[in-house]
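Report on the following structure.
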Amino acid sequence: NEEVKPKSLDHEKGKKHSQTPMDSSSKDSADEGSTLKAGPALQRYEEAQEFLAQQAYPEAERALKDIIHHYPSDPLVVNAQYWLGETYYVQKDYARAAVSFGDAYKAYRKLDKSNDAKDKEARKISFAKAPEALVKLSLSLKALGKTDQACTTLDQLRSEFPRLPQNVKKIAEMIEKQC
């Protein structure tokens, strides 16, 4: 398999949609110096990012679910799970968004505990998505009226990731004001 450096996979470079609270400094971690194997999962992921840029959420959802179900051990699964949550969130389907963001976080934690070399590479690719998944889980829970759970999730975020990226920190501070 040929190795490729993924092009920028950040859907926010395309059309911006106001319903997604992550700002333009949110950059997909799959583009941060990691090299991925060219293959069907990467191809589907890039297609999903294109769909997201076009706000074609049902198509993005299908592509992301395809990665999650057909390539469960691929390093992009955590990112795919996160972006699946985004597709639900922007459509105000907060219950499914919460599940997807929670699944992305759990998948990252599983990688974090593994000593397998393949999992270490996947951890590098998906590291930035773990705190983003927790803050988006908190937003989803808040939107569902589950303020106590949203605040508990923020506490977990702060304890596990004391040095948050600015975009995540800004959202966490906004939610904390309501805790």
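Numbering-wise (our numbering), the sequence shown opens with residue 1 and increments by one. We put the beta carbon where it would ideally sit given N, CA and C, even for glycine.
Close Cβ partners of residue i (< 7 Å) along its chain, the five nearest in sequence each way excluded
i    : result
M174 : none
A150 : S138, L141, K142 and I175
A63  : R44, E47, A48 and F51
Among the options, the one whose alpha carbon lies nearest that of residue i
i    : options                 : result
Y94  : G145, L42 and Q166      : G145
D103 : K92, K129, Q91 and T147 : K129
L154 : Q166, I171 and Y57      : I171
V135 : E160, R109 and V168     : V168
E86  : L157, A56 and D148      : A56
I67  : P131, A48, L157 and A53 : A48
S159 : S73, P131 and N115      : P131
V77  : N115, L42 and T147      : L42
P58  : Y88, H69 and S73        : Y88
N79  : V90, K106 and Q91       : K106
C179 : P162, Q156 and T152     : T152
E61  : P72, N115 and A97       : A97
P75  : K92, D148 and G39       : G39
S73  : L111, Q91, K92 and V90  : L111
Own chain residues within Cβ distance below 6 Å of residue i, not counting five before or after
i    : result
Y82  : A104, K129 and A133
M22  : Residue confidence for M22 is low, a pLDDT of 42 falling below 50, so the modelled location carries little weight; the figure read from the coordinates is stated next. Hits under 6 Å: N167.
L164 : P131
L84  : L64 and S100
Y71  : A41
F161 : P131
Residues of its chain near residue i, where Cβ-Cβ distance is below 8 Å and the 5 sequence neighbours each way are ignored
i    : result
R224 : Because residue 224 is not part of the residues shown, which for the chain are 1 to 179, the question remains open.
Start-end ranges of the alpha helix (DSSP H) lying completely within the region 42 to 92, minimum 4 residues: You should have 57 to 70 and 77 to 90.
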